[in-house]
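Worksheet: the structure to be examined is printed underneath.
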Amino acid sequence: MQNISHQARPTFEIDINDKIVCYESSQPLIHGESVLLIALKTRISILALDIGTEDFTLDYRTIKDIAEPDIRLLKLCSQAIARNILFAACPSKYTIKIFSVNESEVICLNKIAAHSNYINSIDFSEEYLASGSDDHTCKIYSVKENYSEHSVLNFSASVTCVKFNPEEPNKLLISVKNGNLFIYCLKLKQSLYSFYTHSPLMHFDWSLKNPSIVAAIAYDQVFYFDISKPDVPIYSKRLSDVGKIITIHPSNPLISAVVCNRASTEIKVIHQKSTISNIFSTKIISYAGNITWNSSYLIVGSDRKICFYKIPIA
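Going by our numbering, the first residue of the sequence shown is number 1452, and it counts up by one from there.
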């Protein structure tokens, strides 16, 4: 497997001409387009992407610009489609807004005073909205009941990440900074089981290809778990830097992208069974809070650009 060095250049770039605060993207949808949300200082820009798989082309168009300043977090609903987009955004440390957008109108469906401290993570399914905070709580809201409060879960440390299972959205995985991961059943309103990495546990991801696989990053170590037998990790790998975010490749659960930023921000792509340390790495400036996959492309927000890297997948 080829190793791509720090000098890797993006396959494509989109110049935004404004400082990127954060962004979020969807997987390719049924008609081939993907949705890309970009939060800038004074607005949210919504783009439709069409990435050619064989001829290495990128086409994009603006669906809508929303005058919404100082957004810190963005999350598309798992049912997002390019012509009717539902997403959540955090305009302050403690609140969440829910938007429905198409090419002709923007509707703010609700504004939730969610937490008493910094919101670290939000996730959004067809039925539920979940958020995790430094106030040591995870809060869950019912979409079908106008975002009324469904559950409040209390923990002994900051909640760093929340994500619904891609195949069973009634299961929510919650990471706590002290190193614990909890799986919570929304229908039963109870925790099913928990497993442990170490502190500080910063982030995790479900595999879309095999949702029983979870990758978590705690300080400088990556852990992979099979949630059907979560007592011990099935694999662990130590990084040469402090990791912040991890995301699993959508079609290969052995491959993950990691953001590291102890001295400078570096994006690494690692493979569980590779004999080399990284199959891809590149340094970026002014990291924009997220990394996402679109098929075999890794999408990275860097300063005023959205960068697309074609990653060699064995």
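Every residue gets a Cβ at the ideal spot worked out from N, C-alpha and C, and that includes glycine.
In this text, all values refer to a predicted model and were calculated from it rather than measured experimentally.
Asked: Near the ligand FMN: D1585 beta-carbon under 7 Å from a heavy atom; Found: By its list of ligands, the structure shown contains no ligand whatsoever, and the ligand FMN lies outside what it can speak to.
Asked: Residues near S1477 by beta carbon distance below 7 Å, same chain, minus five either side; Found: S1485, V1486, L1527, A1531
Asked: Beta-carbon gap between K1492 and P1520 smaller than 8 Å; Found: yes
Asked: Residue range of the beta strand (DSSP E) that includes L1491; Found: It is not in any beta strand (DSSP E) - L1491 carries neither H nor E in the DSSP assignment.
Asked: Neighbour-count burial assignment, D1510, 16 or more Cβ in a 10 Å radius; Found: exposed
Asked: I1471 beta carbon less than 8 Å from that of R1689; Found: no
Asked: Buried versus exposed call for V1683 [16 or more other C-beta atoms within 10 Å across all chains shown]; Found: exposed
Asked: Simplified DSSP assignment, three categories, for V1613; Found: strand
Asked: DSSP bridge partner residues for T1588 (one or two, in chain order); Found: N1605
Asked: Rounded C-alpha distance that separates L1632 from V1610; Found: 10 Å
Asked: Status (buried if at least 16 other CB within 10 Å, exposed otherwise) for E1556; Found: exposed
Asked: Simplified DSSP assignment, three categories, for K1544; Found: coil
Asked: Reference S1582, options L1525, G1740, L1643, closest by Cα; Found: L1525
Asked: Per DSSP, cross-strand counterpart(s) of V1820; Found: As shown, the chain starts at 1452 and ends at 1765. That puts residue 1820 outside it, with no answer to give.
Asked: CA-to-CA distance, V1552 to S1626, given in whole angstroms; Found: 30 Å
Asked: Candidates S1642, P1617, D1692, of which the one nearest V1665 by Cα; Found: P1617
Asked: Opening and closing residue of the beta strand (DSSP E) in which Y1644 lies; Found: 1641 to 1647
Asked: Distance, N1605 Cα to S1456 Cα; Found: Note that S1456 scores 49 on pLDDT, short of 50, meaning its location in the model is unreliable; the coordinates nonetheless yield the value given after this. If you take the alpha carbons of S1456 and N1605, they lie about 43 Å apart.
Asked: Cut-off 6 Å between Cβ atoms - residues of its own chain near A1708, not counting five sequence neighbours on either side; Found: T1698, V1720, I1742, L1749
Asked: Whole-angstrom C-beta distance between S1576 and S1607, which should lie under 8 Å; Found: That pair is no contact at about 26 Å.
Asked: Burial state of E1475 (16 or more Cβ within 10 Å); Found: buried
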